Amino acid sequence: MANYMGKGIKRVEDPRFIQGQGKYVANLQIYGMTHAAIKRSPYPHAKINSIDTAEAEALEGVLAVFTGQDMIDGGVGPIPCGFTPPDIKLPPHYSLAVDKVRHVGDGVAVVVAETAYIAYDALDLIEVDYEPLEAIVDAKEAMADGAPQLHEETPNNLSFTWPIGNEEEVNNALAQCDHVVEVDLINQRLIPNAMEPRAAVAQWDGAMENLTLWTTSQNPHTIRLLMSAFTFGIPEHKLRVISPDVGGGFGSKIFHYAEELIVPFCARAIGRPVKWVATRSEAHLTDAHGRDHISRAKMGMTKDGEFQALHIETYANMGAYLSLFAPMIPTALYHTLMAGLYKTPLIYGITYGTMTNTTPVDAYRGAGRPEASYLLERVIDIASHDLGIDPIELRRKNFIQPDEFPYQTPVALIYDSGDYDGVFDEAVKIADYDKMRTEQSSAREEGRLVGVGVSGCIEASGAGPSAAVVGLGAAIGLYESGAIRVHPTGKITVLTGAHSHGQGHETSLAQIVGDELGVPIEDIEIVHGDTEKLPYGVGTYASRSMAVGGGALVMSAEKIRDKVTKIAAHQLEAAVEDMVYDRENGTIYVKGAPDKSKAFAEIAFAVTLANNLPEGMEPGLEETSYFDPPNFTFPNSAHICQVEIDKESGEVALQDYIAVDDVGNIINPLLVEGQIVGGVAQGVGQALWEHGAYDENGQLLSGSFMDYAMPRADGFPGIQVGRTITPSPSNPLGVKGAGEMGTIAGTVTVANAVMDALAPLGIRHIDLPLTAQKIKAAIDAANGGGD
Amino acid sequence: MNISVAVNGKSYTRDVEPRMLLVHFIRDVLGLTGTNIGCDTSQCGACTVHLDGMSIKSCTTLAVMVDGADITTIEGLAPKGNLHPMQKAFWEEHGLQCGYCTPGMIMASTKLVENNPNMSESEIRHGLEGNICRCTGYQNIVKAVQSASKEMAGGD
Amino acid sequence: MYPPKFDYHKANTVQEAISLVKESDGKFIAGGHSLIPAMNLRLADPGTLVDISRLNDMKGIGGGNGVISIGALTTHAMVAASEVLPDALTEAAGMIGDPQVRNRGTVGGNVAHADPASDLPTVLMALRASFHMTSESGERSASSDEFFIDLFETALGENDVLTSISLAEEGANTGSSYQKLFNPASRYAMVGAAAQVTIENGTITAAGVAVGGLTPKATRASSVEAALVGQPANDATIASAAAAVANDLDDEVMGDIHASADYRRMMAPVFVRRALETAVSRAS
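Residue numbers (numbering that gives the first Met the number 0), protein chains in the order written: chain F, 0 to 786; chain X, 0 to 155; chain W, 0 to 283.
Following this line, the structure appears as structure tokens:
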């Protein structure tokens, strides 16, 4: 048994999913349950003159209709923002709009009815008198004089400005450089689209004034805290938040959503359980979107390609309201990654966070880091074409070297460990890069548009040291909790503050505890996602669960081993120093006398009897720990891919994709590979297909899967995955986190390949997504203007 | 109106509104919540079930229209206590992460393989065009279908 | 995801269906794959639905004497699997939606809906299919040029049932193909091109070509057809004929976020050429 680390064990949670027994919020049935539906604005920007709910209330089967004013009158407060740079201006964000609606999909009223069908019928009977206002959707234009104003609190629609570095130094250096690459880039808006739409069920116990909320959240404790301290006014011990099986999050289920207030409000008001389940169209309008940056980058270098200075200006679209962590994404999680894998000595970046008549934007898989990697790695690729230096060679010239760690970048972070040449060596080998280039040359001679794309990305994961993140402006400490409860028979329940919504924690965390204690994973059950069962936990995002949540469990396991060892020593009448805890077999024996031993389960039972414990020791075998890591972790990667473009149609075929990642030590390679491949697919989706597109009037053009192009099975070749390992010194397991690197690297790798294919035509850059029509237009323009 | 259907081998007669979608009938009337809803435009395939031996999308079918039909959902794909080779393959090959698309994916895949036991990788990828997964990048789903094809052909 | 209320009637005969729709001012439903998604989004509110899906006479593919008849309730999957239908049609049916959609969606429902991005109207126009309708007053037929009138508009009167579609069997020296530029999200056609050619002694003696996805309704590429007939079946003919499709596209070409009108216009000759190349190779 034991020795689970590094093994690709199949997931212990899967039997319920493959048999249709997943416990998703939408599956919940409670006696007396009612159904809520939300009336949403069809206007991007409008004054609400009046809301007439009488006809809806009169419909048979309708129990109640509430508006935003009803919720304010009922004591429900606005949703706060949890990341506040010094100059931030905070517009209020009510769960149902009261004065104005500010994006299509902004909620204005809620209906509670006996069935969801009736609730939707009633929505059609609510009369809202809107006075349409002019709308603004572009992050940069929003700041212009005369632009429509969203909030009184944010003049010129500017919520915050976030600079880092010394601009004058950077400008001076740029002026001295042999070569400066300057490029305007758009990182387009994405819609996260976890396959499970968001849902909430609330049950109010009027006698005890207890509320239970089941919600599709990546972090139930955060939701409970926010509801208690800010939004719902319910004491924390009276509120139980449960996030059972959650069908994917990708960041979009971190935030405190309006429906987490609307549904409990309704349940309390009518005294019956209330369920709300988003439709996909509703998800498109109300799940926090991702990305949406307009940037200008300038990078200076010597003629040999040594990076000297980087200047970045970014307009980040926040949408109509500030979602929970929205300002953190294009700032602390963005500019701080602009050093990439490189020794660029001078970096200056500034972000303007602006309000527009669009759905709020927040963290989406990678959160700031894909935007940083896209910008940096595109700029470097352009430089490689400008200078005529192979893109891998150019990158290698500038790598931080293995002996330079820990490495202080000019943008605040201290990198933990890495061997970037090693990662690239492995990628070059798996891809057979030289052969790829040779084949590309012959393809080009035949007039075919074949491109090879390369990227080297880094992310700051395992968030993170609480002091650092709070120092940067976050209103949340980013440690994690982990408790191990040993039952009298030696079976174990593990309580983690991390939350699995696809990651497979029930397997990987069991592997950690199994190894730490020498207990078979069949004897271990992982419990997560319920504030009443768990110690306070932070939740799962930013690829943090193994690094931080795993770290907490290692700490608790150490405490368990320590206590078990003391008891064994006592019962075997040996000195504690002479005891050996055999983690392979889960036995504790006297050094040199393996027959003098106790099994783990024997000690567990002995603790329960408690008649023969060391002097002064308490009964019970349960330990809780909180791990607050000393630093972030820094996964890094070398990805290479090949594309061919259909010259006639502009369609891109992805032919080959190689992903080599250093995510530190690996607990379960099967799950890590799953994370990488799935992440790459999302990255490729951004490169080629996905776009949360608004028209200039603020209507969402990609309001359903009919218009939002999700990656499908036939869009991909087999993705080859390789790895190198430099353990992270920032946590006891040496892991770095694997959840986001695929996405971070996937987009820019494919973008670089497409631009490489088009390079012989003199095409320098096309903004994402690289759709057939954009590519075709660029080809025609390059060939002399088409028609 | 009254409809009678056999679901997973069991007969049910229920009074339903004409507008009730088959997926709501399966989930809310019969309480079989393994069949998930992932979209409203017949794109994502999370709601795939077998209707008279064919895979279909239960979000784009009215319950009243399938009166008299024989329906299989993920809960009835294999006899109780057993796993269908496709379920087993999804587990073995790590063909799922969040699990939400999985029932639909498995139901669609079993019919693909029954209709063509010798699909190429490309045929599998095209065959799954009506099922969206956001987690896996499809790679291990394709592997699972390949592996299940072998086992289903082997007849064990 | 929650359709509005409607009354529902199951029709046992075509005539019963017609009178039920007439009395109720309702709509027919067959596979429901155009209508139900619209109802799910509450973009359609038919009031009454008359279910014709049990009219088994209208299901299946048959015929004789060189004519094939496709019942309006035949599913896309059945068409895609047919060994007697022209390749262009089986190809196009296999590109509709996905396997689950093809198992439920019907040919009749598809063409009666006349979605401009749909595949079948384009192919059926190229193949010069006939559309057979039953109304209260009797039966009548329309050619494909007569049947498709405009965006979501056909020759079907409100109470008419499309019962079958017929077309000529593809002879030994005739070949056809359907080529499609997929909308990456919906999988509908941004550009669809269907072509059928007959070749005798190296000369194209008959041609049917149509394009869809670009215009409010499927458009016959008469200029392309004219440029083919009587010409040698070679690359030069194909190239110049395909280019002629520009003459068949009026200024009604549509655009969206995935493909602008200009782009679709540019792609029409490309996909027409591809369809012709394949059709010619199949005819030879």
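For glycine and all other residues, C-beta sits at the position ideal for the given N, C-alpha and C. These numbers come from a predicted model, not from an experiment.
Can you give the beta carbon distance from residue i to residue j, rounded, assuming they're within the 8 angstroms contact cut?
i, j, result
"A29(W)", "G108(W)", "4 angstroms"
"Q217(F)", "G538(F)", "5 angstroms"
"Y99(X)", "E12(F)", "Not quite, the Cβ-Cβ distance comes to about 13 angstroms (not below 8 angstroms), so this is no contact."
"T83(F)", "G472(F)", "6 angstroms"
"H255(F)", "T530(F)", "No, H255(F) and T530(F) are not in contact; Cβ-Cβ is about 14 angstroms, not under 8 angstroms."
"P668(F)", "G7(F)", "5 angstroms"
"G103(X)", "N139(X)", "At roughly 16 angstroms, the Cβ-Cβ gap does not stay under 8 angstroms, so G103(X) and N139(X) are not in contact."
"M70(F)", "S94(F)", "6 angstroms"
"G299(F)", "A426(F)", "Not a contact, Cβ separation roughly 27 angstroms."
Can you tell me whether residue i is buried or exposed? The criterion is at least 16 other CB atoms within 10 Å of its CB, across all chains shown.
i, result
"L393(F)", "buried"
"F626(F)", "buried"
"K149(X)", "exposed"
"M207(F)", "exposed"
"L150(W)", "exposed"
"K590(F)", "exposed"
"D786(F)", "Only weak support is given to the placement of D786(F): the predicted model assigns it a pLDDT of 45, under 50, and the value that follows is read from those uncertain coordinates. Per the 10 Å Cβ criterion, exposed."
"R139(W)", "exposed"
"P131(F)", "exposed"
"V141(X)", "buried"
"H236(F)", "exposed"
"D98(F)", "exposed"
"G129(X)", "buried"
"S41(X)", "buried"
"N158(W)", "buried"
Which residue or residues does DSSP assign as beta-bridge partners of residue i?
i, result
"A194(W)", "S176(W) and V208(W)"
"T202(W)", "E199(W) and P231(W)"
"L166(W)", "I67(W)"
"E145(W)", "Per DSSP, none; premise fails for E145(W)."
"F348(W)", "Lying outside 0 to 283, the shown extent of chain W, residue 348(W) is not represented and no answer is given."
"A296(F)", "V182(F) and I311(F)"
"E524(F)", "T492(F)"
"A708(F)", "DSSP lists no partner for A708(F)."
Terminal residues of the continuous beta strand (DSSP E) containing residue i?
i, result
"P593(F)", "A592 to A598"
"S297(W)", "Only positions 0 to 283 of chain W appear in this structure, which leaves residue 297(W) out of reach."
"Y119(F)", "Unbroken run through Y119(F) is the alpha helix (DSSP H), A115 to L122; no beta strand (DSSP E)."
"P154(F)", "It is not in any beta strand (DSSP E) - P154(F) carries neither H nor E in the DSSP assignment."
"I778(F)", "Element bounds for I778(F): not the beta strand (DSSP E) but the alpha helix (DSSP H), A771 to A781."
"M354(F)", "L345 to M354"
"V110(F)", "G106 to A112"
"L48(W)", "T47 to D50"
"Q148(F)", "Careful: Q148(F) lies outside any beta strand (DSSP E) and carries neither H nor E."
How about residue i: is its Cβ closer than 6 angstroms to a heavy atom in the ligand GDP?
i, result
"K22(F)", "Questions concerning the ligand GDP fall outside what the structure shown contains, since it holds no ligand whatsoever."
May I ask which residues mark the beginning and end of the alpha helix (DSSP H) holding residue i?
i, result
"H569(F)", "G549 to Q570"
"R394(F)", "P390 to N397"
"E166(F)", "E166 to Q175"
"K735(F)", "Careful: K735(F) lies outside any alpha helix (DSSP H) and carries neither H nor E."
Against chain W: residues of the stretch 102-118 of chain F by CB proximity under 7 angstroms: When CB distances to chain W are screened at a threshold of 7 angstroms, the residues of the stretch 102-118 of chain F falling below it are A115 and Y116, in chain order.
Short-range partners of chain X found in the stretch 90-106 of chain W, where Cβ spacing is below 8 angstroms: Correct list: G96, D97, P98, Q99, V100, N102 and R103.
Short-range partners of chain W found in the stretch 58-83 of chain X, where Cβ spacing is below 9 angstroms: For the stretch 58-83 of chain X, the set of residues with a beta-carbon nearer than 9 angstroms to any beta-carbon of chain W comprises C58, T59, T60, L61, V63, M64 and D66, in chain order.
Proximal residues, the stretch 692-703 of chain F versus chain W, C-beta separation under 8 angstroms: Within the stretch 692-703 of chain F, the residues whose Cβ lies closer than 8 angstroms to any Cβ of chain W are, in chain order, A692, L700, S701 and S703.
Selection of the stretch 237-250 of chain F by Cβ proximity to chain X, strictly under 9 angstroms: Of all residues in the stretch 237-250 of chain F, only D244, V245, G246, G247, G248 and F249 place a beta-carbon less than 9 angstroms from a beta-carbon of chain X.
Selection of the stretch 139-151 of chain X by Cβ proximity to chain F, strictly under 8 angstroms: Hits within the stretch, in order: N139, I140 and V141.
Contacting positions in the stretch 273-286 of chain F - beta carbon closer than 7 angstroms to chain X: Per Cβ criterion, the list reads T278, R279 and S280.
Within 8 angstroms of chain X by C-beta, residues of the stretch 606-623 of chain F in sequence order: Of all residues in the stretch 606-623 of chain F, none has a Cβ within less than 8 angstroms of some Cβ in chain X.
Contacting positions in the stretch 623-652 of chain F - beta carbon closer than 7 angstroms to chain W: Against chain W - using a Cβ distance shorter than 7 angstroms - the residues of the stretch 623-652 of chain F are E647 and S648.
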